[in-house]
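If you read the sequence shown in our numbering, its first letter stands for residue 56, the second for the next number, and so on. All C-beta atoms in this analysis are idealised placements derived from N, C-alpha and C, irrespective of residue type, glycine included. Data block below; observations after.
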Amino acid sequence: MTSYRATAHREGRWWSIEIPTAGAVTQARRVADVEWMARECVALTLDAPESDVAIDVEFVLPDDARTEWEASRALAEHARQDAAEAARLARSVVTRMRAEGYTYAEMASVLGLSAQRVHQLANAS
């Protein structure tokens with residue numbers, strides 16, 4: 056099986072598909088059809104069975120959309136890291152307070168948490 060890289064981008068209501076290594080171009084109405092349309096196009100262009108053609112599709116976004124999308128992913132990753140650090144710090148505080156003799160009820164009141172959440176943090180340490 057031979058693998059081909061296809062690039063697809065939106066043109067109006069259609070998806071334009073290019074498969075440069077096969078010298079092939081086609082289009083699809085729906086994004087769900089891009090891969091099989093590319094496979095069929097390559098098979099017809101190269102006179103090969105479709106079962107011998109694998110397609111790896113790369114969707115090309117407009118530059119402004121790609122820039123915003125990448126920024127959103129970077130912010131989401133940063134937020135995940137911040138949340139993990141916040142959870143680590145919360146566990147550390149509960150562990151330290153427990154070692155200093157605070158009861159779960161006292162920690163819940165002082166920290167503004169439910170007793171159940173304090174137990175979760177204590178047991179996650």
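May I ask you to report which of helix, strand or coil DSSP gives residue i?
i: ARG85; result: coil
i: ARG60; result: strand
i: ASP111; result: strand
i: ARG65; result: strand
i: ALA79; result: strand
With 16 other CB atoms within 10 Å as the buried threshold, where does residue i fall?
i: ALA77; result: buried
i: LEU176; result: buried
i: ALA79; result: buried
i: MET56; result: exposed
i: VAL86; result: exposed
i: ALA160; result: exposed
i: VAL173; result: buried
i: VAL149; result: buried
Rounded to the nearest angstrom, what separates residue i and residue j at their Cα positions?
i: TRP69; j: PRO104; result: 26 Å
i: ALA98; j: GLN82; result: 15 Å
i: VAL115; j: PRO75; result: 15 Å
i: HIS133; j: THR100; result: 46 Å
i: ALA138; j: GLU155; result: 26 Å
i: GLU73; j: ARG121; result: 19 Å
i: ASP102; j: SER58; result: 15 Å
i: ARG60; j: GLU140; result: 40 Å
i: ALA63; j: GLU113; result: 6 Å
i: SER147; j: GLU90; result: 50 Å
i: ARG84; j: ASP118; result: 22 Å
Would you say residue i reaches chain D, if we count a Cβ-Cβ gap shorter than 7 Å as a contact?
i: LEU99; result: The structure shown contains no chain D, having only a single protein chain.
**Prompt:** Is the number of C-beta pairs between the segment 106–114 and the segment 81–94 that are closer than 8 Å three or more?
**Reply:** yes
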